[in-house]
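Residue numbers (my numbering): 821 to 1022.
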């Protein structure tokens, strides 16, 4: 399994070989540096931690953890089957992915603030007439008659968005190793410059 950290650059359209217009998302993928290799015998799991981006200030704990490496804005850990293939300080680039490959992308969706049940959960709302004054977008009843409380998981108004979303089966359209750019077919969650996690589907 191949993996990288990156950031969302923009969305645009381009033409394929048949002349069809396809929507694509451009991401800056890597370069990422391996900051830690975990073994099951010692750490209880086989995983690799990688860093991406730059950070001006870092804590004392981070300085000790990355003492012989650069300061990274983002650190993420990925489980691997064979951690012996990775060494601390190894640089991972966008060349790990190939054109036509299917990948999944994880990122934080755009925050939409406090929203009602119609926008947040897709409620149809109440009729506009027959005694329903000012209740078109209200949630309606939220409790049962026998239990004098609101059940857990009741869909109500609240903060919407700003959660991690995973999009799978995105086809890689192009790979640019010089500029560290990866282009995939379709859209991914989040605003521009949102940190993304890219993994190959195996």
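We put the beta carbon where it would ideally sit given N, CA and C, even for glycine.
- Message: If you measure between the beta carbons of residue 957 and residue 936, is that distance less than 8 Å?
- Response: In the chain shown, residue 957 corresponds to position 137, counting from 1. In the chain shown, residue 936 corresponds to position 116, counting from 1. Yes, Cβ-Cβ distance for residue 957 and residue 936 is below 8 Å.
- Query: CB of residue 882 to nearest heavy atom of the ligand MN: below 7 Å?
  - Reply: With respect to the ligand MN, the structure offers nothing, as it holds no ligand at all.
- Task: Classify residue 823 as buried or exposed, calling it buried when 16 or more other Cβ atoms lie within 10 Å of its own Cβ.
- Result: The count along the chain shown starts at 1 and reaches residue 823 at position 3. Flag for residue 823 reads buried.
- Query: Tell me the DSSP bridge mates of residue 1017?
  - Reply: Here residue 1017 is taken as the residue at index 197 of the chain shown, counted from 1. Answer is 825, 926.
- Message: Let me confirm a value: residue 828 is counted as buried when at least 16 other C-beta atoms fall within 10 Å, else exposed. Which label applies?
- Response: Within the chain shown, residue 828 is the residue found at index 8, counting from 1. Flag for residue 828 reads buried.
- Task: Answer yes or no: do residue 926 and residue 1016 have a C-beta to C-beta separation smaller than 8 Å?
- Result: For the purposes of this step, residue 926 is identified with residue 106 of the chain shown, where counting begins at 1. For the purposes of this step, residue 1016 is identified with residue 196 of the chain shown, where counting begins at 1. Yes; because the gap between Cβ atoms is below 8 Å, this pair is in contact.
- Task: Tell me residue 835's beta-bridge partners as DSSP assigns them.
- Result: The residue labelled residue 835 in the question sits at position 15 within the chain shown. Answer is 841, bridged to residue 835.
- Can you give me the start and stop residues for the beta strand (DSSP E) that residue 977 sits inside? Along the chain shown, one-based indexing puts residue 977 at 157. Premise fails: residue 977 is in no beta strand (DSSP E) and is neither H nor E.
- Task: Indicate the three-state DSSP secondary structure (helix, strand or coil) for residue 869 in the structure shown.
- Result: On the chain shown, residue 869 is found 49 positions in, with the first residue counted as 1. Residue state, collapsed to three classes: strand.
- Over the uninterrupted alpha helix (DSSP H) stretch that includes residue 994, give me the two end residues. Within the chain shown, numbered from 1, the residue matching residue 994 stands at position 174. Element bounds for residue 994: not the alpha helix (DSSP H) but the beta strand (DSSP E), 984-996.
- Query: Do you know how far the Cα of residue 909 is from the Cα of residue 832?
  - Reply: Taking the first residue of the chain shown as position 1, residue 832 is located at position 12. Taking the first residue of the chain shown as position 1, residue 909 is located at position 89. Spanning the two alpha carbons is a distance of roughly 34 Å.
- Reduced DSSP category for residue 899 - H, G, I as helix; E, B as strand; rest coil: Locating residue 899 in the chain shown gives position 79, counting from the first residue. In this structure, residue 899 counts as strand in the three-state DSSP scheme.
- Would you mind stating whether residue 867 and residue 898 have Cβ atoms separated by less than 8 Å? Along the chain shown, read from residue 1 onward, the residue named residue 867 stands at position 47. Along the chain shown, read from residue 1 onward, the residue named residue 898 stands at position 78. A contact, by the Cβ cut-off of 8 Å.
- Whole-angstrom distance between residue 920 and residue 930, CA atom to CA atom: Within the chain shown, residue 930 is the residue found at index 110, counting from 1. Within the chain shown, residue 920 is the residue found at index 100, counting from 1. If you take the alpha carbons of residue 930 and residue 920, they lie about 28 Å apart.
- Taking the Cβ atom as the reference point for each residue, do residue 928 and residue 983 lie within a distance shorter than 8 Å? Working through the chain shown from its first residue, we reach residue 928 at position 108. Working through the chain shown from its first residue, we reach residue 983 at position 163. Yes, they are a contact pair.
- Task: Let me know if residue 1043 comes out buried or exposed under the rule of 16 or more other beta-carbons within 10 Å of its beta-carbon.
- Result: For residue 1043 there is no data in the structure shown, the boundaries of the chain being 821 and 1022.
- Query: From residue 1013 to residue 876, what does the alpha carbon distance come to, in whole angstroms?
  - Reply: Within the chain shown, residue 1013 is the residue found at index 193, counting from 1. Within the chain shown, residue 876 is the residue found at index 56, counting from 1. So the alpha carbons of these two residues sit roughly 18 Å apart.
- Beta-bridge pairing of residue 830 - partner residues as DSSP gives them: Within the chain shown, numbered from 1, the residue matching residue 830 stands at position 10. For residue 830, which the question treats as bridged, DSSP gives the partners 846.
- Item | For residue 970, the three-state DSSP class (helix, strand or coil) | Within the chain shown, residue 970 is the residue found at index 150, counting from 1. Looking at residue 970 - three-state DSSP - the assignment turns out to be coil, as it is neither helix nor strand.
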